[in-house]
Amino acid sequence: MTNTHWWWIRHAKSLGDPAIIHGQDDVDADLSDLESIASLKQRLPEKALWLTSGIKRSNQTAEAIGTKNFIETPGLMEQDFGDWTGKRWIDLKGDSVRKFWLNCITEKPPGGESFIQMIDRVSDTINTLSREYENKNIVAIAHSGTIKAALANALNLFGQSASSFQIDNLSLTEIEIIPDGVHRIWNVIGVNR
(Lines of atoms letter the chains of each structure in order from A; the text may use other names.)
(Lines give C-alpha, C1' and ligand atoms only; values in the text may rest on other atoms or scores of the structure.)
Protein backbone atom coordinates (compact mmCIF):
# COMPACT_ATOMS: atom_id res chain seq x y z
CA MET A 13 0.00 0.00 0.00
CA THR A 14 1.14 3.51 -0.70
CA ASN A 15 0.35 6.62 1.27
CA THR A 16 -1.55 9.78 0.49
CA HIS A 17 0.92 12.58 1.09
CA TRP A 18 -0.19 16.19 1.69
CA TRP A 19 2.38 18.93 1.05
CA TRP A 20 0.94 22.08 2.68
CA ILE A 21 2.45 25.44 1.74
CA ARG A 22 1.38 28.73 3.23
CA HIS A 23 1.12 31.37 0.51
CA ALA A 24 3.71 34.15 0.14
CA LYS A 25 3.20 37.25 2.29
CA SER A 26 0.27 39.45 1.37
CA LEU A 27 1.00 42.83 -0.14
CA GLY A 28 -0.31 45.84 1.69
CA ASP A 29 -0.88 46.77 5.31
CA PRO A 30 -0.15 43.77 7.60
CA ALA A 31 -2.54 45.22 10.19
CA ILE A 32 -5.49 44.61 7.85
CA ILE A 33 -7.61 41.49 8.41
CA HIS A 34 -7.45 39.68 5.08
CA GLY A 35 -9.11 36.34 5.81
CA GLN A 36 -10.83 35.44 2.53
CA ASP A 37 -10.09 38.86 0.98
CA ASP A 38 -8.49 38.66 -2.47
CA VAL A 39 -5.13 40.44 -2.13
CA ASP A 40 -1.93 39.99 -4.10
CA ALA A 41 1.08 38.02 -2.87
CA ASP A 42 4.55 39.47 -2.39
CA LEU A 43 6.63 37.08 -4.50
CA SER A 44 9.99 38.75 -3.87
CA ASP A 45 11.40 35.94 -1.65
CA LEU A 46 12.88 34.06 -4.61
CA GLU A 47 15.18 31.95 -2.41
CA SER A 48 12.28 30.46 -0.41
CA ILE A 49 10.26 29.89 -3.58
CA ALA A 50 13.20 28.07 -5.23
CA SER A 51 13.74 25.98 -2.08
CA LEU A 52 10.08 24.90 -2.05
CA LYS A 53 10.22 23.98 -5.72
CA GLN A 54 13.13 21.61 -5.05
CA ARG A 55 11.46 19.93 -2.06
CA LEU A 56 8.14 19.17 -3.74
CA PRO A 57 7.38 15.97 -5.67
CA GLU A 58 7.55 16.11 -9.46
CA LYS A 59 4.20 14.36 -9.87
CA ALA A 60 1.40 15.75 -7.72
CA LEU A 61 -2.12 17.05 -7.73
CA TRP A 62 -1.96 20.81 -7.04
CA LEU A 63 -4.69 22.60 -5.10
CA THR A 64 -5.12 26.22 -4.05
CA SER A 65 -7.75 27.94 -1.96
CA GLY A 66 -8.72 29.94 -5.04
CA ILE A 67 -7.75 33.19 -3.35
CA LYS A 68 -5.39 35.32 -5.44
CA ARG A 69 -2.40 35.09 -3.09
CA SER A 70 -2.52 31.28 -3.07
CA ASN A 71 -2.91 31.08 -6.86
CA GLN A 72 -0.01 33.50 -7.39
CA THR A 73 2.18 31.49 -5.01
CA ALA A 74 1.42 28.26 -6.91
CA GLU A 75 2.34 29.95 -10.18
CA ALA A 76 5.58 31.33 -8.70
CA ILE A 77 6.57 27.85 -7.50
CA GLY A 78 6.04 26.59 -11.01
CA THR A 79 2.55 25.43 -11.91
CA LYS A 80 -0.53 26.92 -13.51
CA ASN A 81 -2.16 23.51 -13.42
CA PHE A 82 -4.01 23.63 -10.10
CA ILE A 83 -7.55 23.12 -8.87
CA GLU A 84 -9.12 26.00 -6.96
CA THR A 85 -10.63 24.45 -3.84
CA PRO A 86 -12.81 26.88 -1.81
CA GLY A 87 -12.96 24.44 1.12
CA LEU A 88 -9.29 25.31 1.75
CA MET A 89 -9.92 29.05 2.18
CA GLU A 90 -8.75 30.95 5.25
CA GLN A 91 -11.20 31.64 8.08
CA ASP A 92 -14.06 33.91 7.04
CA PHE A 93 -13.82 37.04 9.18
CA GLY A 94 -17.12 38.35 7.80
CA ASP A 95 -17.77 42.04 8.45
CA TRP A 96 -14.25 42.46 9.84
CA THR A 97 -12.55 41.57 6.53
CA GLY A 98 -10.60 44.54 5.20
CA LYS A 99 -10.55 46.31 8.58
CA ARG A 100 -7.74 46.72 11.09
CA TRP A 101 -7.94 44.85 14.41
CA ILE A 102 -7.11 48.05 16.27
CA ASP A 103 -10.15 49.81 14.78
CA LEU A 104 -12.67 47.16 15.83
CA LYS A 105 -14.82 48.03 18.83
CA GLY A 106 -17.85 46.63 20.59
CA ASP A 107 -19.15 43.56 22.34
CA SER A 108 -18.57 41.17 19.43
CA VAL A 109 -14.84 42.01 19.44
CA ARG A 110 -14.58 41.51 23.21
CA LYS A 111 -16.39 38.15 23.00
CA PHE A 112 -14.19 37.07 20.10
CA TRP A 113 -10.96 37.76 21.99
CA LEU A 114 -12.24 36.01 25.11
CA ASN A 115 -12.87 32.87 23.06
CA CYS A 116 -11.56 33.23 19.51
CA ILE A 117 -11.88 29.49 18.93
CA THR A 118 -15.67 29.18 19.17
CA GLU A 119 -16.83 32.80 18.74
CA LYS A 120 -17.35 34.04 15.23
CA PRO A 121 -17.02 37.54 13.80
CA PRO A 122 -20.30 39.11 12.61
CA GLY A 123 -21.15 37.50 9.27
CA GLY A 124 -18.13 35.15 9.50
CA GLU A 125 -17.18 31.76 10.87
CA SER A 126 -15.47 30.58 14.05
CA PHE A 127 -12.14 28.78 14.04
CA ILE A 128 -13.99 25.56 14.95
CA GLN A 129 -16.32 26.01 11.98
CA MET A 130 -13.29 26.52 9.74
CA ILE A 131 -11.67 23.33 11.11
CA ASP A 132 -14.86 21.41 10.28
CA ARG A 133 -15.00 22.87 6.75
CA VAL A 134 -11.32 22.21 6.03
CA SER A 135 -11.44 18.70 7.58
CA ASP A 136 -14.44 17.75 5.42
CA THR A 137 -12.55 18.97 2.34
CA ILE A 138 -9.34 17.12 3.26
CA ASN A 139 -11.15 13.88 4.05
CA THR A 140 -13.13 13.99 0.78
CA LEU A 141 -10.04 14.78 -1.31
CA SER A 142 -7.96 12.15 0.50
CA ARG A 143 -10.49 9.49 -0.48
CA GLU A 144 -10.79 10.81 -4.05
CA TYR A 145 -7.01 11.05 -4.59
CA GLU A 146 -5.88 8.15 -2.41
CA ASN A 147 -2.20 7.18 -2.72
CA LYS A 148 -1.29 10.46 -4.44
CA ASN A 149 0.91 13.42 -3.64
CA ILE A 150 -1.26 16.48 -3.01
CA VAL A 151 0.34 19.93 -2.93
CA ALA A 152 -1.98 22.48 -1.33
CA ILE A 153 -1.20 26.21 -1.34
CA ALA A 154 -3.32 27.64 1.43
CA HIS A 155 -3.34 29.81 4.55
CA SER A 156 -2.12 29.71 8.13
CA GLY A 157 -5.56 28.91 9.51
CA THR A 158 -6.16 26.25 6.87
CA ILE A 159 -2.90 24.48 7.68
CA LYS A 160 -3.66 24.65 11.41
CA ALA A 161 -7.04 23.08 10.62
CA ALA A 162 -5.28 20.32 8.63
CA LEU A 163 -3.09 19.62 11.66
CA ALA A 164 -6.18 19.59 13.91
CA ASN A 165 -7.75 17.03 11.57
CA ALA A 166 -4.65 14.82 11.45
CA LEU A 167 -3.92 14.95 15.18
CA ASN A 168 -7.54 15.06 16.39
CA LEU A 169 -6.90 18.35 18.18
CA PHE A 170 -9.43 20.78 19.58
CA GLY A 171 -9.24 24.31 18.22
CA GLN A 172 -7.15 25.86 21.01
CA SER A 173 -4.37 23.31 20.56
CA ALA A 174 -4.42 23.66 16.78
CA SER A 175 -4.25 27.44 16.94
CA SER A 176 -0.93 27.17 18.80
CA PHE A 177 1.04 26.10 15.71
CA GLN A 178 3.27 28.67 14.01
CA ILE A 179 2.82 28.60 10.23
CA ASP A 180 5.12 31.01 8.37
CA ASN A 181 4.67 32.29 4.84
CA LEU A 182 6.27 29.98 2.25
CA SER A 183 6.75 27.24 4.84
CA LEU A 184 6.12 23.56 4.19
CA THR A 185 4.05 21.26 6.42
CA GLU A 186 3.89 17.57 5.50
CA ILE A 187 1.15 15.17 6.55
CA GLU A 188 0.60 11.68 5.19
CA ILE A 189 -2.19 9.17 5.51
CA ILE A 190 -1.13 5.56 5.96
CA PRO A 191 -3.90 3.05 5.20
CA ASP A 192 -3.82 -0.01 7.43
CA GLY A 193 -6.63 -1.87 5.69
CA VAL A 194 -9.33 -0.70 8.10
CA HIS A 195 -8.47 2.80 9.28
CA ARG A 196 -6.43 5.70 8.08
CA ILE A 197 -3.45 6.58 10.24
CA TRP A 198 -2.28 10.18 10.07
CA ASN A 199 1.44 10.86 10.26
CA VAL A 200 2.76 14.42 10.65
CA ILE A 201 6.19 14.45 9.01
CA GLY A 202 7.08 18.09 9.62
CA VAL A 203 5.52 21.44 10.45
CA ASN A 204 6.53 24.93 9.32
CA ARG A 205 9.78 23.89 7.61
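Positions in the sequence shown are counted from 1; adding 12 to them yields our numbering.
We put the beta carbon where it would ideally sit given N, CA and C, even for glycine.
Everything numeric in this text was worked out from a predicted model, so none of it was measured.
* Just curious, the beta strand (DSSP E) that I159 is in, first and last residue? -> No beta strand (DSSP E) contains I159, which is instead part of the alpha helix (DSSP H) from 156 to 167.
* To do: Let me know if K53 comes out buried or exposed under the rule of 16 or more other beta-carbons within 10 Å of its beta-carbon.
  => exposed
* Can you tell me whether DSSP reads S51 as helix, strand or coil? -> helix
* Asked: Name the DSSP bridge partner or partners of D63?
  -> The displayed chain sequence assigns Leu, not Asp, to residue 63. I83, A152.
* For R110, which of helix, strand or coil comes out of DSSP? -> helix
* Residue of L88, L104, S183 minimising C-alpha distance to D95 -> L104
* Under 8 Å between the Cβ atoms of F82 and T64? -> Contact flag set, yes.
* Report yes if the C-beta distance between I21 and I153 is below 8 Å; otherwise report no. => yes
* Asked: Among T14, S142, F112, which residue has its Cα nearest to the Cα of W62?
  -> S142
* **Separation of D192 from S48, as counted between CA atoms** => 35 Å
* Asked: Could you give the C-beta distance for P121 and F112, rounded to a whole number, given that I count them as a contact under 8 Å?
  -> 6 Å
* Asked: What residue range is occupied by the uninterrupted alpha helix (DSSP H) comprising R69?
  -> 68 to 77
* Pair within 8 Å by beta-carbon distance, I159 and T137 -> no
* Asked: Between S44, L46, S26, which lies nearest to D37 when the distance is taken from Cα to Cα?
  -> S26
* What separation, rounded to the nearest whole angstrom, lies between the Cα atoms of P86 and G66? -> 6 Å
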